[in-house]
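Beneath this line is the structure, given in structure tokens, with notes to follow.
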DNA sequence: CACAGCTACTCGTATAGACGAGTGGGGGAG
DNA sequence: CTCCCCCACTCGTCTATACGAGTAGCTGTG
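Protein chains in written order, with the UniProt record's numbering: chain A, 1 to 262; chain B, 1 to 262.
Here it is in structure tokens:
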């Protein structure tokens with residue numbers, strides 16, 4: 001016998017013109033915000049909420065779906081509705097492409113994850129030649145064919161990021177970059193060995209709700225947006241030598257940048 | 001008499017184990033992606049979809065609510081469900097805090113918006129003294145009281161950003177910074193006049209779904225995340241002189257950064 | 001012609017009920 | 001005692017219905 005939700009949740013206000021399911025959502029949200037339900041805690045079941053508020057089940061489900069859309073809770077079939085724990089975030093430092101980080105044997109992702117005590121994995125690696133989209137082609141200065149490297153990154157078994165790198169084919173073909181494992185320091189190290197000394201990166205950051213394919217690939221919970229990052233790498237001659245298109249689970253990342261006050 | 005949706009939408013697959021409302025959502029999403037419904041176009045009404053698929057209205061509404069959660073469509077009471085137009089985005093360039101931009105009379109937001117042909121407004125301006133949250137205090141090096149400047153930014157009447165600046169009180173009290181209008185070049189110009197020459201900014205970027213208050217302030221549609229940006233400004237002595245906490249409508253912004261390849 | 005009101009259409013909210021499917025615990029069979 | 005099955009509980013899907021409320025166009029009245 002679980003204790004009645006009445007101890008934690010108030011009563012509806014029949015005089016309010018706020019819809020009943022919104023009032024219920026408000027109650028639950030407030031209870032979560034105030035710590036009456038902590039991370040990982042189980043909310044009252046739909047049946048209990050129906051009983052407590054004296055409304056129909058669809059009304060209760062409607063309320064819960066609001067909280068799901070806000071990313072506050074997630075439902076587990078057959079078990080219950082739980083307050084979503086905030087997963088540990090991975091901080092992308094602004095110096096993550098500093099040359100000194102490339103001197104080591106492992107990839108930046110691996111080194112950084114292990115330093116943070118997480119278990120890194122790379123997954124779904126795919127290397128192929130393609131005709132680029134108009135956008136990618138334009139960013140690469142009009143390349144007509146590109147080498148694409150796709151891969152998925154996981155932390156402790158959880159997918160957190162899916163990235164596609166595009167390189168002009170004339171630059172990458174028949175080089176270690178076209179190998180699944182490009183070697184220590186990653187493709188940036190190889191690019192520099194090939195004579196393309198990197199000068200700067202440009203990053204564009206957007207946020208949006210994920211497409212269904214992204215929900216699947218990143219195993220995203222309801223109410224989790226994605227950060228869409230497009231990075232272009234330029235060499236010292238001003239040529240765009242790589243475009244990396246990355247989709248990240250927004251609840252797993254915080255991006256950090258340093259801006260000089262010129 | 002509107003034309004039947006049958007011309008644009010397929011039929012359900014009864015052998016599929018995908019839920020009916022998901023199949024309907026898939027159909028509509030595909031039709032939108034393929035341009036059979038363009039931006040601003042009206043989807044078939046709930047009644048028409050009920051008729052077309054032979055399902056109950058709740059099932060159709062369930063399907064539509066998926067698309068709303070993805071930010072693809074929005075419903076207008078009494079009118080219909082429309083494909084969400086992508087609003088013009090404001091690009092925040094990485095040099096937006098360059099000193100040369102402060103030399104002019106107007107604020108960065110105003111100058112930039114007018115250059116882009118939009119009508120900028122600043123709104124809900126509030127200046128007050130407060131005890132900072134633990135997080136803000138830590139970022140400001142342990143300040144116990146701060147001056148807070150809050151304001152909302154609008155483009156062409158649409159709220160796009162809500163920002164709060166926090167400055168150590170000992171630094172900002174009885175200066176033009178404590179005035180509602182701090183004068184040409186904004187508070188960064190005033191800080192430099194006060195002897196705090198700015199050296200660098202640190203920005204942290206997160207994305208998440210908005211809290212209800214943010215939905216209201218930014219008049220956010222369903223399925224639009226927010227970008228949460230926290231910027232700390234440091235002077236040449238390494239002191240944190242301002243923290244700016246900004247919440248932006250994610251569909252209105254793209255952030256651009258330049259990273260040197262050191 | 002102008003305008004008020006009716007009406008048909010739209011989505012919003014809410015009810016009551018049914019069945020399906022995943023989970024976990026308790027009790028009975030071996 | 002161990003294992004398996006069943007049952008109770010959970011959320012997931014779907015139907016059918018009802019009324020409320022916003023919108024827009026048509027129509028009849030003044």
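Beta carbons: idealized from backbone N, C-alpha and C, even for Gly.
When DSSP labels each residue in this structure, what does residue 191(A) get in the three-state scheme?
Residue state, collapsed to three classes: helix.
Check the C-beta distance from residue 154(A) over to residue 135(A) and give it rounded, since I have them as a contact under 8 angstroms.
Their Cβ separation, rounded to whole angstroms, is 27 angstroms, which puts residue 154(A) and residue 135(A) out of contact at 8 angstroms.
For a contact meaning CB atoms closer than 7 angstroms, what does residue 193(B) contact in chain A?
Near residue 193(B) there are no residues of chain A at all, since even the closest Cβ is about 15 angstroms away, more than 7 angstroms.
For the region 157 to 215 of chain B, list the beta strand (DSSP E) runs that are entirely contained and at least 3 residues long, ordered along the chain.
If we require 3 residues or more, the beta strand (DSSP E) runs fully inside the region 157 to 215 of chain B come out as 158 to 168 and 198 to 208.
Quick one: which chain A residues come within Cβ less than 9 angstroms of residue 262(B)?
Simply 95, 97, 98, 99 and 100.
In chain order, which continuous runs of the beta strand (DSSP E) of length 3 or greater are located wholly inside the region 71 to 151 of chain B?
With a minimum length of 3 residues, the continuous beta strand (DSSP E) runs that stay inside the region 71 to 151 of chain B are 73 to 76, 80 to 83, 90 to 92 and 120 to 130.
Between residue 139(B) and the rest of its own chain, which residues show a CB-CB distance below 7 angstroms, the 5 nearest in sequence each way excluded?
Excluding positions up to five away in sequence, the list reads 232, 240 and 243.
Taking 9 angstroms as the threshold (beta carbon to beta carbon), is residue 71(A) in contact with chain B?
Yes - at least one Cβ of chain B is within 9 angstroms of the one on residue 71(A).
One question on the structure: do residue 147(A) and residue 173(A) come within less than 9 angstroms of each other, judged by their Cβ atoms?
Yes, these two residues count as a Cβ contact at 9 angstroms.
For residue 107(A), I'd like the list of residues in its chain whose CB is within less than 6 angstroms of its CB, leaving aside the five on either flank, ordered along the chain.
Result list for residue 107(A): 186, in chain order.
Would you grab the beta carbon distance between residue 27(B) and residue 40(B) for me? Rounded to a whole angstrom, and I think it's under 8 angstroms.
20 angstroms between Cβ atoms; not a contact.
Using a threshold of 9 angstroms, state whether the C-beta atoms of residue 159(A) and residue 143(A) are closer than that.
Cβ distance not < 9 angstroms, so residue 159(A) and residue 143(A) don't count as in contact.
Taking C-beta to C-beta, are residue 207(A) and residue 226(B) nearer than 9 angstroms?
Cβ atoms of residue 207(A) and residue 226(B): closer than 9 angstroms.
In the structure shown, what three-state DSSP assignment does residue 41(B) receive?
Residue state, collapsed to three classes: coil.
Between the region 192 to 211 of chain A and chain B, which residues of the former have CB atoms less than 7 angstroms from a CB of the latter, in chain order?
Within the region 192 to 211 of chain A, the qualifying residues are 198, 199, 200, 201, 202, 203, 204, 205, 206, 207, 208 and 209.
Check whether the region 216 to 226 of chain A touches the region 48 to 62 of chain B, taking contact to mean three or more Cβ pairs, one atom from each stretch, closer than 8 angstroms.
No, they do not touch.
Output yes or no for whether 9 angstroms exceeds the beta carbon distance between residue 329(B) and residue 73(B).
Here chain B has residues from 1 to 262 only, and residue 329(B) is not among them.
Quick check: is the beta carbon of residue 17(B) nearer than 9 angstroms to any beta carbon in chain A?
So no, residue 17(B) is outside the interface.
Since residue 227(B) meets chain A, which of its residues come closer than 7 angstroms, beta carbon to beta carbon?
Those are 207, listed as they occur along chain A.
Determine the extent of the alpha helix (DSSP H) in which residue 61(B) is found, giving its start and end residues.
Unbroken alpha helix (DSSP H) run through residue 61(B): 57 to 69.
Provide the residue(s) that pair with residue 217(B) in DSSP beta bridges, ordered along the chain.
Paired residue(s): none; residue 217(B) is not in a bridge.
Mind checking who residue 245(B) pairs with in its DSSP beta bridge?
Partner(s): 164(B) and 230(B).
Going by the DSSP bridge assignment, what does residue 255(A) pair with across the sheet?
Paired residues: 92(A) and 205(B).
Is DSSP giving residue 13(B) helix, strand or coil here?
Correct three-state label for residue 13(B): coil.
Hey, is residue 233(B)'s beta-carbon within less than 9 angstroms of any beta-carbon in chain A?
Chain A contact via Cβ: present.
Would you mind stating whether residue 150(A) and residue 113(A) have Cβ atoms separated by less than 9 angstroms?
No, the Cβ-Cβ distance between residue 150(A) and residue 113(A) is not below 9 angstroms.
List the DSSP bridge partners of residue 240(B).
Paired residue(s): 234(B).
Where does residue 3(A) land, buried or exposed, given buried means 16+ other C-beta within 10 angstroms?
Confidence at residue 3(A) is low in this model, with a pLDDT of 46, below 50, so its placement is unreliable and no value can be given for it.
For the region 170 to 189 of chain A, enumerate the residues whose C-beta is nearer than 7 angstroms to any C-beta of chain B, in chain order.
Those residues of the region 170 to 189 of chain A that come within reach of chain B (Cβ to Cβ, closer than 7 angstroms) do not exist; the list is empty.
Would a C-beta distance cut-off of 9 angstroms place residue 265(B) and residue 49(B) closer than the cut-off?
Coverage of chain B is limited to positions 1 through 262, which leaves residue 265(B) absent and any answer about it impossible.
Look at the alpha carbon of residue 29(A) and the alpha carbon of residue 21(B), and state the distance between them as a whole number of angstroms.
Those two C-alpha atoms are separated by around 27 angstroms.
Per DSSP, what kind of secondary structure is residue 20(B) in: helix, strand or coil?
Looking at residue 20(B) - three-state DSSP - the assignment turns out to be helix.
List the residues of chain B whose Cβ lies closer than 7 angstroms to the Cβ of residue 223(A), in chain order.
Correct list: 209.
From residue 78(A) to residue 248(A), what distance separates their C-alpha atoms?
Those two C-alpha atoms are separated by around 29 angstroms.
Suppose you measure from the CA of residue 203(A) to the CA of residue 256(B); what does that come to, to the nearest Å?
About 6 angstroms.
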